[in-house]
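Residue numbers (our numbering): 10 to 145.
Given below as structure tokens:
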């Protein structure tokens, strides 16, 4: 059997919209011939109270070892300083960014569209193909 590349991914999301994150994770986990490691933290393992500086450092530690940052591009992103921080940090490291357009969305945040190396639709095949295309 040929070697299956393992992708190291950070899936940017807001804990209060964790159902979208959970669905994206299910897409990635169910994709055939796709191996990946999740460097993001789901809502059931979210951090306790910490300072802004400590949370920034925690996010940096999650993003540094990844090969690609995946951003769920719901309109809530336009109002999330943390997701913008993740995007900005990923860009500063030269990490490719894949934006996922939510199912049925008429609009996506301009910050994601401008930062993303590629935008894809809300389905497993498009997401996996996008990751493979932009990840070294």
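Just so it is clear, CB atoms sit at the ideal spot from N, CA and C, and this is done for glycine as well.
Item: Endpoints, alpha helix (DSSP H) assigned at residue 43; Value: Unbroken run through residue 43: none, as it is neither H nor E.
Item: Closer than 7 Å to chain D by CB, residue 95; Value: Of the protein chains in this structure there is only one, and it is not chain D.
Item: Option nearest residue 116 by Cα separation, candidates 81, 145, 139, 95; Value: 81
Item: Spatial neighbours of residue 76 in its chain, beta-carbon cut-off 8 Å, leaving aside the 5 residues before and after; Value: 16, 17, 18, 104, 105, 144, 145
Item: Backbone CA spacing between residue 125 and residue 58 [nearest angstrom]; Value: 30 Å
Item: Proximity of residue 40 and residue 135 at Cβ, strictly below 7 Å; Value: no
Item: N-terminal and C-terminal residue of the alpha helix (DSSP H) that residue 69 is part of; Value: 61–72
Item: CB contact flag (residue 95, residue 64, <7 Å); Value: no
Item: Bridge partner(s) assigned by DSSP for residue 108; Value: 80, 128
Item: Residue 137, enclosing alpha helix (DSSP H) - first and last residue; Value: 133–143
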